[in-house]
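Novice: Okay, so the sequence shown: first residue is 1 according to the UniProt record's numbering, each after it adds one.
Each residue gets a CB set at the ideal place from its N, CA and C atoms; glycine is no exception.
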Amino acid sequence: MATYEFLCPACGPFDVVLPMGTASAHRECPWCGVGARRVYSAPRLSRPAPAMAGALAREERSRDEPEIVSSVPRHRRRR
Ligand SMILES: [Zn+2]
Numbered sequence: 001m002a003t004y005e006f007l008c009p010a011c012g013p014f015d016v017v018l019p020m021g022t023a024s025a026h027r028e029c030p031w032c033g034v035g036a037r038r039v040y041s042a043p044r045l046s047r048p049a050p051a052m053a054g055a056l057a058r059e060e061r062s063r064d065e066p067e068i069v070s071s072v073p074r075h076r077r078r079r
């Protein structure tokens with residue numbers, strides 16, 4: 001299922017959930033019955049948290065430029 005956005009000239013935007021690939025270019029407005037056209041908006045993507053973004057960037061860099069460790073990392077006491 002996918003959420004499709006339509007814009008009624010009188011009532012404004014509304015969403016309709018339909019199986020993927022089944023939305024037409026026009027749809028009847030659920031409030032006033034006027035033909036509403038389908039509109040396209042940016043997908044609802046989210047950005048990873050800064051700590052996760054940093055870890056992903058480090059991982060990506062390590063493919064070609066692995067970090068060189070010159071000493072043994074200090075032991076951290078686990079709690
Ligand atoms: Zn309407």
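Kindly indicate the opening and closing residues of the alpha helix (DSSP H) around Ala-55.
Specialist: Note, Ala-55: alpha helix (DSSP H), 50-61.
Novice: The beta strand (DSSP E) spanning Val-39 covers which residue range?
Specialist: That run of the beta strand (DSSP E) goes 35-39.
Novice: Tell me which residue opens and which closes the beta strand (DSSP E) that Leu-18 is part of.
Specialist: Taken as a continuous stretch (DSSP letters only), the beta strand (DSSP E) holding Leu-18 covers 12-18.
Novice: Give me the Cα-Cα distance between Ser-62 and Leu-56, rounded to the nearest whole angstrom.
Specialist: Ser-62 and Leu-56: Cα-Cα distance of roughly 10 Å.
Novice: Please tell me whether, using a cut-off of 7 Å, the distance from the CB of Ala-53 to the nearest non-hydrogen atom of ligand 1 is below it.
Specialist: Not so, every heavy atom of ligand 1 lies at least 7 Å from the Cβ.
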